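Report on the following structure.
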Amino acid sequence: MNMGASLKIRDAVSPSGAKLAIVTLDNRFDSTVSYELRSQLQQVVDFGYANLLLDMHAVRSFDSSGIGLLVSVARRCRDQRGCVVLFALPDIVTVALETASLLSMFTIFPDEAAAIQGFTEVKSPYV
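In numbering that gives the first Met the number 0, the protein residues as written are 0 to 126.
As structure tokens, this is what we get:
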């Protein structure tokens, strides 16, 4: 049984010319993989992608470690003058972020095309 974190990463450019990393998250975004995911996402930012679009459609397990990881990555992106955008959120993620009163902290789009197109208007919630 593979419990490791799995990310698919592609690059894109927003209509305003911003460099984006589209990161597709696998099944788990919880304590079982949070350390590995944190390391992988930090590497993406370290490679010069301060603007992350996180595709959450495949996430089936999400807990407080996942929430902490999202906040941590968002802060790291902010420090690099970028931000994190979420799209295709399953109910488990939406409910967890609502319960933690953090849903409004993130810019959320229904799908990848809307996230890329809408990125020109995104502002970091921490600025």
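From the three backbone atoms N, C-alpha and C, an ideal C-beta is built for every residue, glycine too. Keep in mind it's a predicted model, so treat the numbers as computed, not measured.
Classification of Tyr34 by the beta-carbon crowding that lies within 10 angstroms, buried from 16 upward: It counts as exposed.
Rounded to whole angstroms, what's the CA-CA distance from Lys18 to His56? Just pull it up for me. Rounded to the nearest angstrom, the two C-alpha atoms are 22 Å apart.
Do Ala114 and Leu52 have their CB atoms nearer than 8 Å? Judged by beta-carbon spacing, Leu52 lies within the 8 Å limit of Ala114, meaning their Cβ atoms are closer than that value.
Proximity to Ala11 [Cα-Cα], best of Ala49, Leu88, Ile66, Gln39: It is Ala49.
Apart from the five residues just before and just after Gly47, which ones in its own chain have a Cβ nearer than 8 Å to its Cβ? Closer than 8 Å at Cβ, skipping near neighbours: Lys18.
In the DSSP assignment, what residue or residues form a beta bridge with Val12? DSSP lists Lys18 as the beta-bridge partner residues of Val12.
Just reading off the beta strand (DSSP E) that Val32 is part of, what are its end residues? Bounds of any beta strand (DSSP E) do not take in Val32, whose DSSP letter is neither H nor E.
Distance, Asp25 Cα to Ile107 Cα: Ile107 and Asp25: Cα-Cα distance of roughly 18 Å.
Counting along the chain, where does the alpha helix (DSSP H) carrying Asp90 start and finish? Per DSSP, the unbroken alpha helix (DSSP H) holding Asp90 starts and ends at 90-98.
Roughly how many whole angstroms lie between the Cα atoms of Gln116 and Asp78? If you take the alpha carbons of Gln116 and Asp78, they lie about 23 Å apart.
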